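Undergrad: Mind the numbering: the sequence shown is residues 290 to 908 in our numbering, read in order. All C-beta atoms in this analysis are idealised placements derived from N, C-alpha and C, irrespective of residue type, glycine included. On a predicted model such as this, the values are computed, not experimentally measured, just so you know.
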Amino acid sequence: TNKVTDQIDYLTADEEDNYVVAQANAKLGDDGSFMDEEVISRFRGENTVVSRDRIDYMDVSPKQVVSAATACIPFLENDDSNRSLMGANMQRQAVPLLKPDAPLVGTGMEYVSGKDSGAAVICRHEGIVERVEAKEVRVRRISEVDGKEVEGDVDRYRLQKFIRSNQGSCYNQRPIVAKGDRVTKGEILADGPSMDMGELALGQNPLVAFMTWDGYNYEDAIIMSERLVKDDVYTSIHIEEYESEARDTKLGPEEITRDIPNVGEDALKDLDDRGIIRVGAEVSDGDLLVGKVTPKGVTELSAEERLLHAIFGEKAREVRDTSLRVPHGAGGIVLDVKIFNREDGDELPPGVNQLIRVYIVQKRKISEGDKMAGRHGNKGVISKILPEEDMPFLPDGTPVDIMLNPLGVPSRMNIGQVLELHLGMAARLMGQRVATPVFDGAREEDVWETLQEAGMARDAKTILYDGRTGEPFDNRVSVGVMYMIKLAHMVDDKLHARSTGPYSLVTQQPLGGKAQFGGQRFGEMEVWALEAYGAAYTLQEILTVKSDDVVGRVKTYEAIVKGDNVPEPGVPESFKVLIKELQSLGMDVKILNGDEQEIEMRDIEEEETKQSENLNLDD
């Protein structure tokens, strides 16, 4: 018929190869026929122009070629593809915020994404809301029988509250209906995390200016107003899980107890009589969560001790403190404690008698070093949080919330962010939300028309005044509303420092990475840098006492504690490992001193053993 109908066929990729398919935005007449004689279409993966009577199918929507995440980027058609890819991927790294806010400039996909995400609570049957609580919504069913409405059973919808997600974020559902509301089947009753009134809400709508400020937004850095910290605009809740197992060992079972050797009463103040932290306690790094002791094995007792044990009948046993403590850089408030016992019939791994899980919750405000991004791949790290009074302000006195570097736009070719900024400002002034679907939304002319409708200047720029001096800036500045997202890469998770800690068994060098409480790797090229600079003593320290000179590092630590001079470094362990490796290849390696006299490795090792005994290294 050469006319487009409402019938929809689903084709697989190989089936589609047999048909000529027109684009979704081809112009159609009122009767469903193509208006143009020649129509852009695709056939076997190639884009071609064919006459309208050769068309077999037409695409349903222009957004069917992109993913759900990409379809949430407004003005996608104005962005370079590399940046769109980053924008789509970074939306997946968004942290659920305390107060979600749906975007002022969306694409119309927000409601669909939110509803289909599985995070929302959806009404199963039409009815009237009877009761709304934080943890439950009740709906009285209403059915139509013989043209009359009849009340039925009550449906109960349980809401999930403050549950830890696998990413450590907070999964929480909030009711969005009120008592007495009439709800239909498929309607959203409660928002999930990152949802606002049923719409996907990954970030917030701050007032953004494209301008530099004392160089603080060099290299894509972001300057932010303190208002966003004070008002909890970008605050998120994080829940971490820690667990401790009481196992059977060869020397006897481990024991969960409050009676821990060499621990003061002050450290035990928040533990209950079982030795487990109480819910609601505030903990910081190094604090006890679960007291646990492991048998060390029975040692030889002196005659006096044997006599005492004979009198008081106490078993002679030594125990080690293997308690669960809050790791470095963590902490917060104890949200929940779960206890699993083999005796109570809980299923536990072999050899485990008891398992205790402690959940600690943190409220994290946005801070310097946190990563943020827009939806167009425009990411950056917060470099400075300024007092509200120092932020540049509009002629009506409104201070801006965020300052972005204008140099982040031209070379990246993500012009969509500029269009979003302007349209967002118009939407804010007119008090309404805007949806601009991908490949089928607002054109540049539409944006300019909307700006004029909102009473803004033709170039969408405004005079800004310096918050510190009150003087206007030399040039007019683009100010608008841009949707900005807080990403999962937060400075609290990255920050790490170490004094002493664990060492690798073979090389005796510090381990690497925050998880192992490791040191910073000073690699080959960093060594060259110090060599070139001539920092000989710094270099010697880094390669010996700060790394794998086993005796030297203990003596240095002791000297610092006592306030003595730091001793001469010894032989690094890695040098000994190298010698041993060469000897294992059958090579006869000799070590010579400055006078070309041979030094026996055995002599060095014996000397070090003697020194380590004096220093009690084994303890």
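Pick helix, strand or coil for residue 309, following the three-state DSSP scheme.
TA: coil
Undergrad: Among the residues of its own chain, which have a CB less than 7 Å from the CB of residue 735, if the five just before and after it don't count?
TA: none
Undergrad: Comparing C-alpha positions only, which one of 491, 710, 416 and 339 sits nearest to residue 402?
TA: 491
Undergrad: Hey, would you say residue 582 sits closer than 8 Å to residue 543, going by beta carbons?
TA: For the 8 Å CB-CB criterion, residue 582 and residue 543 form a contact.
Undergrad: Are residue 579 and residue 569 close, meaning C-beta to C-beta below 8 Å?
TA: Cβ atoms of residue 579 and residue 569: not closer than 8 Å.
Undergrad: Which same chain residues, not among the five before or five after residue 331, have their C-beta less than 6 Å away from its C-beta?
TA: 310
Undergrad: Report the rounded CA-to-CA distance for residue 908 versus residue 649, giving the unit in angstroms.
TA: Residue confidence for residue 908 is low, a pLDDT of 46 falling below 50, so the modelled location carries little weight and cannot support an answer.
Undergrad: Give me the DSSP bridge partner(s) of residue 778.
TA: According to DSSP, which records beta bridges pairwise, residue 778 is partnered with nothing at all.
Undergrad: Does the distance from the CB of residue 470 to the CB of residue 426 come in under 8 Å?
TA: no
Undergrad: So for residue 433, helix, strand or coil by DSSP?
TA: When DSSP states are grouped into helix, strand and coil, residue 433 belongs to the strand group.
Undergrad: Taking residue 616 as the reference, give the member of 480, 716, 781 and 667 with the closest Cα.
TA: 781
Undergrad: Could you spell out the range, first to last residue, of the beta strand (DSSP E) harbouring residue 374?
TA: DSSP places residue 374 in no beta strand (DSSP E) but in the uninterrupted alpha helix (DSSP H) bounded by 370 to 380.
Undergrad: Can you find the residues in the same chain that come closer than 8 Å, C-beta to C-beta, to residue 760, ignoring five residues on each side of it along the sequence?
TA: 754
Undergrad: Use the C-beta contact count for residue 601: other C-beta atoms within 10 angstroms, 16 or more gives buried, fewer gives exposed.
TA: Flag for residue 601 reads exposed.
Undergrad: Alpha carbon to alpha carbon, how far is residue 452 from residue 391? Give it in angstroms, no decimals.
TA: 22 Å
Undergrad: Within the continuous alpha helix (DSSP H) that includes residue 829, where are the two ends?
TA: 825 to 832
Undergrad: Could you work out which residue in 537, 651, 665 and 672 is closest to residue 658 when comparing CA atoms only?
TA: 672
Undergrad: Looking at C-beta atoms only, is the number of pairs between the stretch 344 to 359 and the stretch 679 to 694 that lie closer than 8 Å three or more?
TA: no
Undergrad: For residue 294, count the other beta carbons within 10 Å of its own beta carbon; 16 or more makes it buried, fewer makes it exposed. Which is it?
TA: Exposed: under 16 other Cβ atoms inside 10 Å.
Undergrad: Could you name the residues of the same chain whose beta carbon sits closer than 6 Å to that of residue 863, not counting the 5 residues immediately before and after it, in chain order?
TA: If we look at residue 863 and ignore the five residues flanking it on each side, its Cβ neighbours are 796 and 837.
Undergrad: When you compare each of 732, 642 and 721 to residue 705 by their alpha carbons, which one comes out closest?
TA: 732
Undergrad: When the Cα atoms are used, what is the spatial distance from residue 514 to residue 387?
TA: Their Cα atoms are separated by approximately 18 Å.
Undergrad: Less than 8 Å between the beta carbons of residue 346 and residue 299, yes or no?
TA: no
Undergrad: What are the start and end residues of each continuous alpha helix (DSSP H) run of 4 or more residues lying completely inside the stretch 325 to 368, in chain order?
TA: Taking only runs of at least 4 residues, no alpha helix (DSSP H) segment lies wholly in the stretch 325 to 368.
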